[in-house]
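Visitor: This is the structure I want to talk about, given as C-alpha cells.
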Amino acid sequence: MNIFRVSADILHLLSILVLLLKIHATKSCAGISLKTQELYLAVFVTRYLDLFWNFHSLYNSVFKVVYIATSSMIIWYMKRHRGVKQTYDKDHDTFRYLFLIVPCAVLALIVNGRFSLFEILWTFSIYLEAVAILPQLVLLQRTKNVDNLTGNYVFLLGLYRAFYILNWIYRYATEPHYSAWIVWLSGLVQTGLYLDFFYYYLQAWKQSKKLQLPS
Amino acid sequence: TGKGEAHDEL
C-alpha cells in the first residue's frame, strides 16, 4: 500500500459521495447518466465477487462493500425515488450500453490472465470500467451546461484514475515481480477518456465560471 | 506472482 493508491481510493469514494450528496440535497439527478451508474455497479459486482472468500485486507473489503452500496443507492435514487426520478434526463441518456458490454465481454474471453470463470469476470470488469464513463460524457456533451457538482464528480473520477497510474509506476519501481499489463492498458485508456473533459473543467475553474462544453 | 498481482487493487 502506498500514498498514491490510498489517495486514489479516497478520491474514488469522494466522487461517489459528491454525486450522492448532490442527488440527496437537490433532489435532482439532472445531468447524471443512469447508464454510466448501472455500468459502474456491474463493474463492482463482477470484480468484487470474491468478497466472501478471498480476504485480502479489511481495507479492501470495506471499500468493496462501500462502493457497491453507494452506487446501488445512486441507482435507487434515480429509478425509485419519487422526486428524483422525475428529474432524470431520459431523452438525452440514450447511449446503448450493449455496445460497451458485448465488446468487453468478448475481449475478456480472448485476452485474460487465466481461463477461469472468476478471472474472466474480473478481466471483464477491468475492461468495462475503462469505458463506463462514456454514456456520462455523451450526456454532458449533449446537455452542454454542466452544473458544478456533476463537473466535480467527473473531475474526481479522472483524478482517481490518474493516481492509480502513479500507484502502478510506484509499485513497478519498488516491487520486483509486479506486472499487470491488462490493468495498465485499460487504466491508460480510461484516464485518456477524461483528458478532453479535464481541459474544459480546468479552463472553467481558472476563469472561475460555469463549466460549458463546446458543441 | 505475475498476472494475479493486480487482484489486490480495487
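Chains as they are written, first to last, in the working numbering: chain L, 12 to 226; chain A, 998 to 1007.
Ideal placement from N, C-alpha and C gives every residue a C-beta, glycine not left out.
On a Cα-Cα basis, can you pick out the residue from L:F66, L:K155, L:A184, L:V165 that is closest to L145 of chain L?
Guide: Locating residue 145 of chain L in the first sequence gives position 134, counting from the first residue. Ranking the options by Cα distance to L145 of chain L, first place goes to L:V165.
Visitor: So F135 of chain L contacts chain A; which residues on that side make the cut at Cβ distance below 8 Å?
Guide: The residue labelled residue 135 of chain L in the question sits at position 124 within the first sequence. The premise fails here: F135 of chain L is roughly 14 Å from chain A at the closest Cβ pair, so nothing lies under 8 Å.
Visitor: Taking E49 of chain L as part of the alpha helix (DSSP H), name the residues at either end of that continuous run.
Guide: Walking along the first sequence from the start, residue 49 of chain L turns up at place 38. Residues 45 to 58.
Visitor: At what residue ranges does the stretch 121 to 189 of chain L contain a whole run of the alpha helix (DSSP H), taking only runs of 4 or more?
Guide: Qualifying alpha helix (DSSP H) stretches, in chain order: 128 to 142, 145 to 154, 159 to 185.
Visitor: Is DSSP giving Q97 of chain L helix, strand or coil here?
Guide: Here residue 97 of chain L refers to the residue found at position 86 of the first sequence. Here Q97 of chain L sits in helix by DSSP.
Visitor: Using a Cβ-Cβ cut-off of 8 Å, state whether A41 of chain L counts as contacting chain A.
Guide: What you label residue 41 of chain L is simply residue 30 of the first sequence in a count that begins at 1. Not one chain A Cβ lies under 8 Å of A41 of chain L.
Visitor: Taking all protein chains shown into account, do 16 or more other C-beta atoms lie within 10 angstroms of the C-beta of S82 of chain L, making it buried, or fewer, making it exposed?
Guide: Position 71 of the first sequence, counted from the start, is the residue given in the question as residue 82 of chain L. S82 of chain L is buried by the Cβ-count criterion.
Visitor: DSSP on Q236 of chain L, reduced to helix/strand/coil?
Guide: Because chain L in this structure spans residues 12 to 226, residue 236 of chain L falls outside the shown range and cannot be described.
Visitor: Taking G203 of chain L as the reference, give the member of L:I176, L:N65, L:L160, L:S39 with the closest Cα.
Guide: The count along the first sequence starts at 1 and reaches residue 203 of chain L at position 192. Cα-wise, what sits closest to G203 of chain L is L:I176.
Visitor: Closer than 8 Å by beta-carbon distance: list the chain A residues that pair up with V194 of chain L, in chain order.
Guide: Residue 194 of chain L sits at position 183 when you count from the first residue of the first sequence. By Cβ distance, chain A contributes A1003, E1006.
Visitor: Between the stretch 17 to 32 of chain L and the stretch 121 to 135 of chain L, do three or more beta carbon pairs fall short of 8 Å?
Guide: In short, these stretches do not touch, since the Cβ pair count stays below three.
Visitor: By how many angstroms is the C-alpha of L222 of chain L removed from the C-alpha of L151 of chain L?
Guide: Numbered from 1 along the first sequence, position 140 holds the residue referred to as residue 151 of chain L. Numbered from 1 along the first sequence, position 211 holds the residue referred to as residue 222 of chain L. Rounded to the nearest angstrom, the two C-alpha atoms are 10 Å apart.
Visitor: For W133 of chain L, is the classification buried or exposed, using 16 other Cβ atoms within 10 angstroms of its Cβ as the cut-off for buried?
Guide: Residue 133 of chain L sits at position 122 when you count from the first residue of the first sequence. The residue is buried, with at least 16 neighbouring Cβ atoms inside 10 Å.
Visitor: Are the beta-carbon atoms belonging to D20 of chain L and F74 of chain L less than 8 Å from one another?
Guide: Walking along the first sequence from the start, residue 20 of chain L turns up at place 9. Walking along the first sequence from the start, residue 74 of chain L turns up at place 63. In this structure, F74 of chain L lies closer than 8 Å to D20 of chain L by Cβ.
Visitor: Using beta-carbon positions only, say whether I154 of chain L and H103 of chain L come within less than 8 Å of one another.
Guide: For the purposes of this step, residue 154 of chain L is identified with residue 143 of the first sequence, where counting begins at 1. For the purposes of this step, residue 103 of chain L is identified with residue 92 of the first sequence, where counting begins at 1. Sequence inspection shows Thr at residue 154 of chain L; the Ile mentioned does not correspond to that position. Cβ distance < 8 Å, so T154 of chain L and H103 of chain L count as in contact.
Visitor: Measure the C-alpha to C-alpha separation of F106 of chain L and L120 of chain L and round it to an integer number of angstroms.
Guide: Taking the first residue of the first sequence as 1, we reach residue 106 of chain L at position 95. Taking the first residue of the first sequence as 1, we reach residue 120 of chain L at position 109. Their Cα atoms are separated by approximately 24 Å.
Visitor: So, at 8 Å on beta carbons, what are the nonlocal neighbours of V194 of chain L in its own chain, with the 5 sequence-adjacent residues on each side left out?
Guide: Taking the first sequence and counting its residues from 1, the one referred to as residue 194 of chain L is at position 183. Result list for V194 of chain L: I137, W179, in chain order.
Visitor: Spell out a yes or no on whether the stretch 38 to 52 of chain L and the stretch 79 to 94 of chain L are touching, meaning 3 or more CB-CB pairs, one atom from each, closer than 8 Å.
Guide: In short, these stretches touch, since the Cβ pair count reaches three.
Visitor: Taking 8 Å as the CB-CB limit, is N156 of chain L close to chain A?
Guide: Here the question's residue 156 of chain L lines up with position 145 in the first sequence. Closer than 8 Å: no.
Visitor: Is there a Cβ from chain A that is less than 8 Å from the Cβ of N71 of chain L?
Guide: Counted from its first residue, the first sequence places residue 71 of chain L at position 60. Yes, contact with chain A.
Visitor: Quick check: the Cα distance between N71 of chain L and Y99 of chain L, rounded to an integer number of angstroms?
Guide: Within the first sequence, numbered from 1, the residue matching residue 71 of chain L stands at position 60. Within the first sequence, numbered from 1, the residue matching residue 99 of chain L stands at position 88. So the two alpha carbons sit approximately 32 Å from each other.
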